[in-house]
Structures are given as C-alpha cells and as structure tokens.
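Visitor: Got a structure here, written out as structure tokens. Questions coming.
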Amino acid sequence: MEEGMVKTFFIIVNNQASNGLKADVWQNIRTRLDSRKISYIFRKTKQVGNAKSLTKRYVSHLTKEEADETVVIVIGGDGTLTEVLNGIKETPYKHVPLAFIPIGENNGFAQGIGIASNPMTALDQILSATEPVYYDIGEYTETTHQSHGYFFNDFGIGLDAFVISLNSQAHKHKRLQKLLNKFHLKFLAYMVSAFEALINQESFSATIRIGEKYEFFKHVAFVNVANHPYFDNGIVLSPTANVNDHKLDLLIADNLGFFKFIILAISIYFKKQLKLPYLHHYKSDQIHLIINSLEFGQIDGEEIGNGYFDIFYKTSQYPFWMNISSVPPAKRR
C-alpha cells in the first residue's frame with residue numbers, strides 16, 4: 001500500500017472454511033499486517049450467518065469519514081464473502097470496498113476475477129491496491145417471499161441446488177467423493193452427486209422473460225443464473241459468463257434424461273456444453289424467472305431451502321480493494 005493511502009481493514013475470519021484445514025492462515029496474515037504496522041480490526045465467525053451480522057453491526061456504527069477509510073477483508077469461502085456483501089448492503093454505507101482472501105473449498109469468485117489461491121499472495125494483491133476496482137455482482141428480488149439480496153457466483157434452482165443439499169449431508173457416496181478428491185478428480189466427485197440428484201429429482205416447469213420475450217419450458221432439470229464461469233469445484237458451467245460484461249448468463253437444462261446427462265457431463269468437462277440443443281443459454285442484464293413448483297435453491301453454493309420462485313435478476317457493480325494485476329497470472333494458482 002502506497003504512502004498516504006491510509007486505510008483501516010475490518011477483517012472477517014472464517015476459520016471453519018475448508019473444514020478448518022486452513023485455520024493457521026489467519027495467524028500468518030496477522031503477523032504480516034503487524035510487521036507492516038497496518039491498522040486492522042478483526043472478528044471471527046462462529047456459525048453460518050454470523051459473518052453478515054458481524055459486518056452489518058460494525059459498518060453501521062461507522063461515521064461517514066470512517067466508512068470512506070475502511071476496507072472489509074473476508075478470509076473464508078464464497079459463502080462467507082456473500083454473507084459479508086449482504087451485510088454491508090443493509091447499512092447506510094452500501095459500497096464499502098471489499099477484499100477477499102480465499103480459503104474455502106470452492107473459491108469460484110476468486111477464480112473469476114483472478115485472486116491468487118495462495119492466501120499470502122492474495123494479501124499482496126490487497127496491500128498493493130491504491131484504489132477500488134469495480135466488478136459485476138448479481139442482484140435478485142424474489143416477490144413470492146419479498147426477499148432481496150446479492151450474489152457473486154450464481155443462483156441455482158433444481159439439480160445443482162439439489163447436489164449442494166446432498167453434499168451438505170452424510171450420504172452413501174461420501175467415501176467415494178473423498179477418494180476422487182484425493183486423486184484430484186473433483187469433477188467426477190461432483191458428477192457422482194449430480195447423478196444421484198438426477199435420479200431423485202422430478203423435472204419442473206419454468207417461465208423466463210428476457211426483455212419483452214417469454215420462453216416456456218415443461219421438463220426442466222436445472223436453472224442457473226451465473227455472474228462468471230466457475231461453478232462448484234472449479235467446474236466451468238457458464239463458459240461465456242464474465243464479471244465485466246454487465247450481464248448475467250442464464251442456463252436452462254430441459255428434457256435431461258440419463259444419456260443426455262452423460263453427454264452434458266462430458267461436454268462440461270471440455271467446455272462445449274453450449275452447443276447442446278437441450279441446454280438453453282441466454283445473456284442479459286435483466287432476467288425474470290417464474291417456477292410454480294417447490295424446488296431446491298442455492299446461492300453461491302449455500303442452500304436456501306425449497307420454494308416457489310417469482311424472481312427478478314439484474315446486475316450491478318461493487319468496489320473491490322485489490323490490485324489483481326500486481327501478481328502475474330502464473331503465480332495466482
């Protein structure tokens with residue numbers, strides 16, 4: 001950080017990210033900050049939802065001058081990052097810059113914008129920043145339950161959300177998944193759960209509106225609204241999604257049987273899925289989606305339970321306090 005760029009960091013630390021396997025990261029970061037005499041305040045999360053409330057409480061009590069000199073750093077996974085964003089958005093200071101040090105199992109947003117996977121290298125990207133950089137985020141308004149919020153990665157309904165629900169529970173494929181992950185076959189581990197979800201989930205109807213045009217689908221397996229390409233475990237689900245194009249990518253899988261699922265899985269592996277006739281792709285800055293059956297939902301890899309959906313999506317931009325280009329691409333992995 002350059003001389004004269006006086007900033008106070010408010011740091012949210014989720015030591016339980018990656019099942020607590022990276023709990024020593026915070027101590028290393030703290031040592032680096034202390035050695036450089038950088039001003040910071042930190043809070044550790046204790047449970048899901050805690051990051052949002054801790055951030056909201058802290059930012060709400062800042063003065064305007066203090067808010068202008070504050071950067072919120074998230075040390076955790078995508079779920080923690082999303083909680084913090086939504087906490088800030090519920091304060092009078094809705095655009096306090098964010099920074100992210102990814103230590104979760106699925107760090108899709110970090111991949112999407114080029115944040116280093118090594119925590120100390122990501123810290124270097126933060127400390128070398130001198131001004132905020134803006135990236136697209138997703139925004140949604142759900143009229144059925146009168147809910148409103150923001151997301152970095154994606155909002156999924158159906159098969160992908162069902163998979164996340166399965167992965168949050170102990171089930172019969174857990175040992176197989178661990179074995180596949182051990183040999184760096186995360187894609188196959190995900191497909192194990194996706195296949196289980198496919199055979200247990202009934203298809204559903206969906207209506208979408210893009211601009212003035214309506215589309216109707218009767219046998220949907222999943223709907224996914226994405227802000228960038230990366231999905232669970234580094235899978236590229238929406239290859240044309242981009243955090244800088246001010247649009248969201250919508251994917252709808254219709255009439256997805258067993259053989260089509262196998263073809264879809266192979267196509268996703270080779271990033272050729274958009275050529276499939278039963279995978280419908282749209283790109284827009286505003287999307288309206290209606291689902292009149294009870295379906296699983298997920299936001300940025302976190303379950304939101306079952307529900308009916310009458311939901312509007314749009315993009316907005318948010319400031320990040322990170323100098324991504326300060327670290328060459330080869331050193332971000």
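Counting from 1, position 125 in the sequence shown corresponds to residue 125 in UniProt numbering; the numbering is continuous, with no gaps. Idealized CB from N, CA, C, for every residue including glycine.
#1: Starting from the C-beta of Leu21, find all residues in its chain whose C-beta is less than 7 Å away, skip the five residues before and the five after it, and write them out in chain order.
#2: Tell me the residue span of the alpha helix (DSSP H) that contains Pro119.
#3: At what residue ranges does the UniProt domain "DAGKc" (4-143) contain a whole run of the beta strand (DSSP E), taking only runs of 3 or more?
#4: What does a CB cutoff of less than 6 Å around Asp310 pick up in its chain, not counting 5 residues either side in sequence?
#5: Could you give the distance in angstroms between the alpha-carbon of Ala330 and the alpha-carbon of Lys37?
#6: Pick helix, strand or coil for Val327, following the three-state DSSP scheme.
#7: Taking all protein chains shown into account, decide if Met120 is buried (16 or more other Cβ within 10 angstroms of its Cβ) or exposed.
#8: How would you label Leu294, buried or exposed, when you count the other beta carbons within 10 angstroms and need 16 or more for buried?
#9: At a cut of 8 Å, does the segment 260-279 reach the segment 313-330 through at least three beta carbon pairs?
#10: Using the Cα positions of Asn323 and Val71, report the straight-line distance between them to the nearest angstrom.
#11: Does Gln273 come out as helix, strand or coil in the three-state DSSP assignment?
#12: Below 7 Å CB to CB, which residues in the same chain sit around Ser203 once its five sequence neighbours on both sides are set aside?
#13: Suppose you measure from the CA of Asp78 to the CA of Asp154; what does that come to, to the nearest Å?
#14: Look up residue 372 in the DSSP assignment and say whether it is helix, strand or coil.
Guide: So, to answer that:
#1: In the sequence shown, counting from the first residue as 1, residue 21 sits at position 21. Interpretation of Leu21 is limited by its pLDDT of 49, a score under 50 that renders its predicted location unreliable; the figure taken from the coordinates is listed afterwards. So the list is empty, once near-sequence residues are dropped.
#2: Taking the first residue of the sequence shown as position 1, residue 119 is located at position 119. Where Pro119 is concerned, the enclosing alpha helix (DSSP H) stretches over Pro119 to Leu127.
#3: 8-13, 40-44, 70-76, 98-102 and 133-142
#4: Reading the sequence shown from its first residue, position 310 is the one you call residue 310. Closer than 6 Å at Cβ, skipping near neighbours: Thr143, Thr144 and Ile290.
#5: Position 330 of the sequence shown holds residue 330. Position 37 of the sequence shown holds residue 37. Distance between the alpha carbons of Ala330 and Lys37 is about 29 Å.
#6: Position 327 of the sequence shown, counted from the first residue, corresponds to residue 327. DSSP places Val327 in coil when its eight states are reduced to three.
#7: As a working note, residue 120 is residue 120 in the sequence shown. Result: exposed.
#8: Residue numbering aside, residue 294 sits at position 294 when the sequence shown is read from its first letter. Exposure of Leu294 is indicated by the presence of fewer than 16 other C-beta atoms within 10 angstroms of its C-beta.
#9: no
#10: Your numbering for residue 323 matches position 323 in the sequence shown. Your numbering for residue 71 matches position 71 in the sequence shown. Cα to Cα, the separation comes out at about 13 Å.
#11: Along the sequence shown, read from residue 1 onward, the residue named residue 273 stands at position 273. When secondary structure is reduced to three states using DSSP, Gln273 falls in the helix class.
#12: The residue given as residue 203 occupies position 203 in the sequence shown. Excluding five sequence positions before and after Ser203, the CB atoms of its chain that fall closer than 7 Å to its own CB belong to His219, Val220 and Ala221, given in chain order.
#13: Walking along the sequence shown from the start, residue 78 turns up at place 78. Walking along the sequence shown from the start, residue 154 turns up at place 154. Looking at the two C-alpha atoms, the distance is approximately 11 Å.
#14: With the chain running from 1 to 333 in the structure shown, residue 372 is simply not present.
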